[in-house]
Every structure is written in C-alpha cells, then in structure tokens.
Amino acid sequence: MKRSLALSLVFVLFSAGACPAETGVSPAPAWPDPDRIPHGEMRFSPPKPERVVLENGLTVYYLEDRELPLVQVSFIVGAGAVFEPDGKAGLAELTGDAMRTGGAGKLAGDLVDEQLEYLAASISVAIGMEYGTGSLSVLKKDLGRAFAIFADILRRPAFEEAKIEQVKNLKIEELRRVFDKPQRLAFREYRRALYAGNPRGRLPEIKTIEAIGREDVAGFHRAHFFPRNLRIAVTGDLSKQETLELVGAHFGDWEDEGDFGSVPLPRAQEQSPIVYYEKKAPQSTVIIGTIGPGKENPDFYPFTVLDHILGSGGFRSRIFQEVRSNRGLAYSAGSFYEGRQGYGTFGAYAMTKTESTGQVLSLMQGILKDVREARVPAQDVHLAKRSLVNSYIFSFTSSHMIAFQHMALEFQGLPVKFLTEYPAKIDAVTREDVLKAAEKYLDPERRTVFVLGDEGKFDEPLKSFGTVKRVK
Numbered sequence: 368m369k370r371s372l373a374l375s376l377v378f379v380l381f382s383a384g385a386c387p388a389e390t391g392v393s394p395a396p397a398w399p400d401p402d403r404i405p406h407g408e409m410r411f412s413p414p415k416p417e418r419v420v421l422e423n424g425l426t427v428y429y430l431e432d433r434e435l436p437l438v439q440v441s442f443i444v445g446a447g448a449v450f451e452p453d454g455k456a457g458l459a460e461l462t463g464d465a466m467r468t469g470g471a472g473k474l475a476g477d478l479v480d481e482q483l484e485y486l487a488a489s490i491s492v493a494i495g496m497e498y499g500t501g502s503l504s505v506l507k508k509d510l511g512r513a514f515a516i517f518a519d520i521l522r523r524p525a526f527e528e529a530k531i532e533q534v535k536n537l538k539i540e541e542l543r544r545v546f547d548k549p550q551r552l553a554f555r556e557y558r559r560a561l562y563a564g565n566p567r568g569r570l571p572e573i574k575t576i577e578a579i580g581r582e583d584v585a586g587f588h589r590a591h592f593f594p595r596n597l598r599i600a601v602t603g604d605l606s607k608q609e610t611l612e613l614v615g616a617h618f619g620d621w622e623d624e625g626d627f628g629s630v631p632l633p634r635a636q637e638q639s640p641i642v643y644y645e646k647k648a649p650q651s652t653v654i655i656g657t658i659g660p661g662k663e664n665p666d667f668y669p670f671t672v673l674d675h676i677l678g679s680g681g682f683r684s685r686i687f688q689e690v691r692s693n694r695g696l697a698y699s700a701g702s703f704y705e706g707r708q709g710y711g712t713f714g715a716y717a718m719t720k721t722e723s724t725g726q727v728l729s730l731m732q733g734i735l736k737d738v739r740e741a742r743v744p745a746q747d748v749h750l751a752k753r754s755l756v757n758s759y760i761f762s763f764t765s766s767h768m769i770a771f772q773h774m775a776l777e778f779q780g781l782p783v784k785f786l787t788e789y790p791a792k793i794d795a796v797t798r799e800d801v802l803k804a805a806e807k808y809l810d811p812e813r814r815t816v817f818v819l820g821d822e823g824k825f826d827e828p829l830k831s832f833g834t835v836k837r838v839k
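Our numbering puts the first residue of the sequence shown at 368, with every later residue one more than the last.
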C-alpha cells in the first residue's frame with residue numbers, strides 16, 4: 368500500500384512538470400500587470416455627517432447607523448499639556464483622569480463606575496499634548512442615563528480629593544517605572560530634545576505632579592472646557608431630532624465662558640548637538656528627527672510618501688530593509704510622521720545592541736542623505752503611493768470613525784474636502800515632489816539626533832559624529 372502511494376505521488380509530481388504541449392492543456396492566459404492597467408479619476412466619497420452648531424457655540428456632528436442598537440459619542444476639546452502653567456507639568460493628563468474617576472454631578476466616583484457597569488456602558492477621558500478626547504459607548508435603551516453621566520463628567524466633574532491623590536500616585540509610580548523601560552524612556556526624552564524651548568517639550572516629573580492640587584485641576588477644567596472649545600460627534604441607532612434634543616437638554620444651557628489659548632509653533636533645532644542620555648542597558652535607541660510640514664501645507668502629501676519610503680512602509684521601507692533585513696542590526700527600525708496643525712513631526716528610529724550603536728547611527732544618517740541626494744527610484748514612489756491610497760479606506764470602517772474624522776478635521780482648521788481629496792493628492796505626488804520635500808525638511812543642520820545607551824560599550828564614540836550634549 369505504501370509503495371503504491373509513493374509511486375502515485377511520483378507520477379503526480381512528474382505530470383505537474385510536464386509542458387502544456389505534452390498534456391494537451393492550454394497555457395494560462397497572460398494577464399496584464401495590474402500596475403499598468405489604466406484607471407479613471409480617483410473618487411472617494413464616504414458618508415458625510417450632519418453638522419449643527421448650538422446657540423452657545425457647541426458644535427455637534429451626527430451620522431445615523433441603524434445596524435445595531437448602539438450609540439457612540441465622542442468629543443474633542445482644545446485642552447492639552449501645552450497650556451499647563453510652569454511647574455505644573457502633568458496637570459492636563461491628571462485633569463482628564465480625575466474627570467473620569469473623581470465623580471460627576473451628584474455622583475461619587477465609585478457610583479459612576481457602578482452605574483456604568485450596570486448599564487454595560489463605557490466612558491473614557493484623556494487629555495494629551497495639544498487636545499483632549501473622550502467617548503461614550505452604550506446600548507440605545509440606556510442612552511438617557513449614560514449620556515447624563517457623560518454630560519456631568521464634561522460639565523460638572525466633582526474632582527474628589529481622594530481620587531485626585533489616587534491618580535497622582537499612579538502617575539508618580541509610572542514616572543518611577545519609566546526608567547526601567549529604555550525604549551519608552553528614549554522616546555520621552557527625545558520629545559524633550561525635539562521641542563526644546565517650546566511648551567511641547569515640558570514633561571511631567573515627580574516634583575511637578577506632587578505640586579498639583581485640586582484647585583489646579585478644577586482651574587484647568589474651567590479654563591478649557593466651554594462650548595466653543597468643544598465638539599461632539601454622535602452616531603448610531605437614533606435620529607437627528609433625537610440627537611439634537613438629547614444634546615440640547617444636557618448642554619444647551621451651558622454658558623460659553625472661556626478664552627482660546629495659544630502657544631508658539633515648534634521650530635526645527637538649528638545645528639543641534641547629538642543629545643546623549645546615558646542608560647546602562649544591553650540595547651541602544653537611536654532617533655533622528657525634525658519638524659516637518661503640517662496638514663494644511665501642500666508639502667504634507669509628498670512628505671507622507673517620503674516617510675512611507677523611508678520607514679513607515681513596513682518591510683519594504685529603506686530603514687527596515689537596510690538596518691534590519693540586510694544587516695541584522697536592529698530588532699525594531701522604521702520611521703514615523705504625523706502632520707499636525709501648523710507643523711508636523713518626523714522621526715527615524717532603530718533599537719540595536721549596544722556594540723553596534725555607531726554603525727546604526729551612521730547607516731541611518733546615510734539613508735537620510737541618500738534621499739536628499741535624489742537616490743529615490745520612481746518605482747519606490749509608485750509603490751508607496753499605492754500602499755497609502757489602498758490603506759486609506761481603513762480610516763473609515765465605521766460610521767463613528769467617519770464622524771470623528773470630520774470633527775477632528777474641523778478642530779485642526781482644515782476644510783472638509785481634505786478627507787475626500789487625500790487619495791487623489793497622494794496619487795498626484797511625483798518623484799520630483801518627494802525629492803523637493805527631502806531637500807527641504809531633512810537638512811542635516813536642522814535635525815535632532817538622540818541616542819540612549821551605554822556609551823562606554825559603543826563601537827564608535829558619539830563625538831566622532833559631532834558635538835555631544837549629555838543629559839540625565
């Protein structure tokens with residue numbers, strides 16, 4: 368039996384290798400290269416949420432979705448760490464945490480948790496560097512009670528002293544533990560170096576967290592949470608009339624008191640020294656970054672393509688291929704770019720063993736130099752554009768994602784057409800556009816180079832790459 372099976376397999380293998388003429392089977396048709404198939408004008412038309420502004424200035428976005436008996440609500444507010452007073456770094460984050468945990472309206476913090484658990488609802492609040500966001504997710508039948516709690520959290524947070532102390536202690540413990548996580552520590556300190564001299568470069572420390580009291584938290588909330596500074600998106604199993612009645616009942620009488628804050632935009636560091644943070648660890652983290660174009664800048668599109676080619680494009684990207692795949696010098700390598708309002712941030716990074724730190728730094732600098740010297744094949748540009756356009760649809764996989772995108776867009780001061788024009792504008796980027804962006808924004812004299820590791824074990828001293836600034 369076994370011998371018969373073996374002979375059958377051999378027959379199949381040899382038959383599979385026979386040419387079409389021998390078997391009488393017609394050859395497979397020669398399909399055209401999909402990349403060369405002409406296509407018409409690119410059109411992208413996701414559903415557009417309705418936009419309503421209440422009399423007090425609160426902007427509401429609504430998009431109906433009857434697929435499930437669920438309602439999702441999100442907000443975005445112009446409150447962030449950039450508005451923190453001197454000596455109180457970390458106040459914005461603590462305010463967001465205390466809003467969620469410290470009670471709302473007449474409910475104590477623990478009762479808020481109990482009621483949300485009973486309703487199978489979830490509410491989140493988080494305040495980051497430049498803005499805050501939050502959300503509510505609940506079954507349609509429980510929307511009334513859950514939305515009332517959500518509104519109280521935004522308008523009337525209780526800020527219980529005990530809960531504030533609790534979130535402070537958690538943050539202090541997090542800051543103590545960050546030194547045990549070299550990669551996280553590296554990106555934290557890189558931010559300080561990149562934004563040196565700008566409010567975005569202020570980072571929370573244990574002493575600044577300890578200096579924050581309840582009045583600081585309540586004052587930050589009063590200063591930044593007011594109708595014109597807030598936008599709300601509502602999607603799900605409810606009508607436009609139901610939405611406006613619900614939002615109006617809980618936010619319509621909210622008085623619009625507050626001033627919009629402003630902070631200077633960051634600028635690329637001129638002739639900055641290499642910033643070295645000593646950390647006794649078996650691996651080093653190397654980051655090279657700069658300030659790039661904002662979303663409103665026409666350069667946003669070619670720079671997005673450039674970043675994809677350099678490192679955010681995964682296995683095909685230059686940094687991943689050269690540093691990890693070809694040379695095996697890093698277990699993590701790539702780049703990132705985020706266009707913000709008025710500016711953008713770009714960084715190329717690699718985590719490598721201590722003994723190859725100098726080699727990796729030299730290699731990364733060489734890759735950035737190559738793209739500035741026009742060493743970018745047209746095929747790389749084509750593949751990057753195709754990947755970016757094809758993946759764009761995943762930013763719109765739900766009605767709530769669509770509504771949130773529109774809300775965030777207006778918050779950033781961008782026109783609604785930005786969303787629908789993005790694929791075509793990426794597709795229109797040329798190789799020459801990418802080279803101009805590289806020349807303009809990847810100037811070696813306007814970069815921030817950051818290295819975290821144990822210099823005593825580096826294969827090359829950092830001073831061989833330029834002036835070194837040691838920080839701790």
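C-beta: ideal position from N, C-alpha, C; glycine also.
Nearest-angstrom Cα separation, counted from proline 633 out to glutamate 740: Within the sequence shown, residue 740 is the residue found at index 373, counting from 1. Within the sequence shown, residue 633 is the residue found at index 266, counting from 1. Going by the C-alpha atoms only, they are around 27 Å apart.
Own chain, CB closer than 7 Å to arginine 559, minus 5 neighbours either side, in chain order: Working through the sequence shown from its first residue, we reach residue 559 at position 192. Excluding positions up to five away in sequence, the list reads Gly568, Leu570.
Reduced DSSP secondary structure (H/G/I, E/B, other) of leucine 461: Sequence index remark: in the sequence shown, residue 461 carries index 94 (1-based). Leucine 461: helix per DSSP, three-state reduction.
In DSSP terms, what glutamate 417 is bridged to: Indexing the sequence shown from 1 puts residue 417 at position 50. According to DSSP, which records beta bridges pairwise, glutamate 417 is partnered with Tyr429.
Sequence-distant residues of the same chain with beta carbon closer than 6 Å to tyrosine 808, five excluded per side: Your numbering for residue 808 matches position 441 in the sequence shown. Cβ within range, chain order: Gly659.
Residue from Lys607, Gln636, Asp547 with nearest C-alpha to lysine 647: Locating residue 647 in the sequence shown gives position 280, counting from the first residue. Closest by alpha carbon: Asp547.
Reference lysine 366, options Ala805, Ala791, Ser679, Pro782, closest by Cα: In this structure the chain extends from 368 to 839, so residue 366 is not present and cannot be described.
Ranges of the beta strand (DSSP E) found wholly within the region 502 to 548, counting only runs of at least 3: none
Proximity to threonine 602 [Cα-Cα], best of Ser679, Val505, Thr834, Tyr498: Numbered from 1 along the sequence shown, position 235 holds the residue referred to as residue 602. Ranked by how close their Cα comes to the Cα of threonine 602, the residues Ser679, Val505, Thr834, Tyr498 have Val505 in first place.
Beta-carbon proximity of methionine 731 to isoleucine 443, cut-off 8 Å: As a first step, residue 731 must be located in the sequence shown, where it is residue number 364. As a first step, residue 443 must be located in the sequence shown, where it is residue number 76. Against a cut-off of 8 Å, the Cβ pair of isoleucine 443 and methionine 731 comes out as no contact.
Sufficient close CB pairs (3 or more, under 8 Å) joining the region 653 to 672 to the region 799 to 818: Verdict: yes, contact present.
C-alpha distance - aspartate 737 paired with arginine 683, whole-angstrom precision: Residue numbering aside, residue 737 sits at position 370 when the sequence shown is read from its first letter. Residue numbering aside, residue 683 sits at position 316 when the sequence shown is read from its first letter. Roughly 16 Å between the two C-alpha positions.
Alpha helix (DSSP H) segments (min. 4 residues) lying fully within the region 469 to 496: 476 to 486
Beta-carbon gap between threonine 721 and proline 665 smaller than 8 Å: Locating residue 721 in the sequence shown gives position 354, where the first residue counts as 1. Locating residue 665 in the sequence shown gives position 298, where the first residue counts as 1. Cβ distance not < 8 Å, so threonine 721 and proline 665 don't count as in contact.
Residue from Glu577, Leu510, Asn423, Ala635 with nearest C-alpha to proline 436: For this step, residue 436 is matched to residue 69 along the sequence shown. Put simply, of Glu577, Leu510, Asn423, Ala635 the residue whose alpha carbon is nearest the alpha carbon of proline 436 is Leu510.
CB contact below 8 Å: valine 727 versus chain D: In the displayed structure, chain D is absent; only one protein chain is listed.
Spatial distance of phenylalanine 832 from valine 534 (CA atoms): Position 465 of the sequence shown, counting from 1, holds the residue named residue 832. Position 167 of the sequence shown, counting from 1, holds the residue named residue 534. Computed Cα separation, rounded: 42 Å.
From Tyr643, Gly709, Phe713, residue whose alpha carbon lies closest to that of isoleucine 676: Counted from its first residue, the sequence shown places residue 676 at position 309. Residue Phe713 is the option with its Cα nearest to isoleucine 676.
Identity of the residues DSSP links to leucine 437 by a beta bridge: Taking the first residue of the sequence shown as position 1, residue 437 is located at position 70. Partner(s): Leu506.
Cβ neighbour criterion (16 or more within 10 Å) applied to valine 420: As a first step, residue 420 must be located in the sequence shown, where it is residue number 53. Exposed, since its Cβ has fewer than 16 Cβ neighbours within 10 Å.
Cβ neighbour criterion (16 or more within 10 Å) applied to threonine 719: Counting from one through the sequence shown, the residue named residue 719 turns up at place 352. Counting Cβ neighbours within 10 Å, threonine 719 comes out buried, since at least 16 surround it.
As assigned by DSSP and simplified to three states, the class of phenylalanine 627: Sequence index remark: in the sequence shown, residue 627 carries index 260 (1-based). DSSP places phenylalanine 627 in coil when its eight states are reduced to three.
Whole-angstrom C-beta distance between alanine 488 and valine 479, which should lie under 8 Å: Locating residue 479 in the sequence shown gives position 112, where the first residue counts as 1. Locating residue 488 in the sequence shown gives position 121, where the first residue counts as 1. So it is not a contact: roughly 10 Å between Cβ atoms.
Beta-carbon proximity list for glycine 709, same chain, < 7 Å, skipping 5 on both sides: Here residue 709 refers to the residue found at position 342 of the sequence shown. Excluding positions up to five away in sequence, the list reads Leu632, Gly661.
For alanine 585, the residue or residues it bridges with in DSSP: Within the sequence shown, residue 585 is the residue found at index 218, counting from 1. Looking at the DSSP assignment, alanine 585 forms no beta bridge with any residue, so it has no partner.
Within 8 Å, strictly: CB atoms of aspartate 674 and tyrosine 704: Counting from 1 along the sequence shown, the entry for residue 674 is found at position 307. Counting from 1 along the sequence shown, the entry for residue 704 is found at position 337. For aspartate 674 and tyrosine 704, yes; Cβs fall inside 8 Å.
Sufficient close CB pairs (3 or more, under 8 Å) joining the region 779 to 796 to the region 609 to 629: no
Status (buried if at least 16 other CB within 10 Å, exposed otherwise) for alanine 388: In the sequence shown, residue 388 corresponds to position 21, counting from 1. In this prediction, alanine 388 scores a pLDDT of 46, lower than 50, which makes its location untrustworthy; the coordinate-derived value is nonetheless stated afterwards. The residue is exposed, with fewer than 16 neighbouring Cβ atoms inside 10 Å.
Distance between glycine 725 and phenylalanine 825 (C-alpha atoms, nearest Å): Along the sequence shown, one-based indexing puts residue 825 at 458. Along the sequence shown, one-based indexing puts residue 725 at 358. So the two alpha carbons sit approximately 6 Å from each other.
Same chain only: Cβ atoms within 7 Å of valine 377, ignoring 5 sequence neighbours per side: Here residue 377 is taken as the residue at index 10 of the sequence shown, counted from 1. Reliability of the predicted coordinates at valine 377 is poor, the pLDDT of 41 falling under 50, and the value obtained from them is presented with this limitation in mind. Excluding sequence positions up to five before and after valine 377, its CB lies less than 7 Å from no other CB in the same chain.
Per DSSP, cross-strand counterpart(s) of valine 601: For the purposes of this step, residue 601 is taken as the residue at position 234 of the sequence shown. DSSP, once it has assigned bridges, lists Tyr429, Val440 as partnering valine 601.
Contact under 8 Å by Cβ, glycine 615 with histidine 591: Numbered from its first residue, the sequence shown carries residue 615 at position 248. Numbered from its first residue, the sequence shown carries residue 591 at position 224. No, Cβ-Cβ distance for glycine 615 and histidine 591 is not below 8 Å.
Chain-order list of residues whose beta-carbon lies under 8 Å from that of serine 502 (same chain, five-residue window excluded): In the sequence shown, residue 502 corresponds to position 135, counting from 1. Cβ neighbours of serine 502 beyond the five flanking positions: Gln439, Val440, Ser441, Phe442, Ser489, Ile490, Ser491.
Per-residue DSSP class, three states only, for phenylalanine 817: Within the sequence shown, residue 817 is the residue found at index 450, counting from 1. The answer is strand: DSSP assigns phenylalanine 817 an E or B state.
Inter-residue Cα distance where the pair is lysine 839 and glutamate 645: Here residue 839 is taken as the residue at index 472 of the sequence shown, counted from 1. Here residue 645 is taken as the residue at index 278 of the sequence shown, counted from 1. For lysine 839 and glutamate 645, the distance between alpha carbons rounds to 7 Å.
For asparagine 536, the nearest candidate out of Gln550, Pro640, Ile579 (CA to CA): The residue you call residue 536 lines up with position 169 of the sequence shown. Measuring from the Cα of asparagine 536, the nearest candidate turns out to be Ile579.
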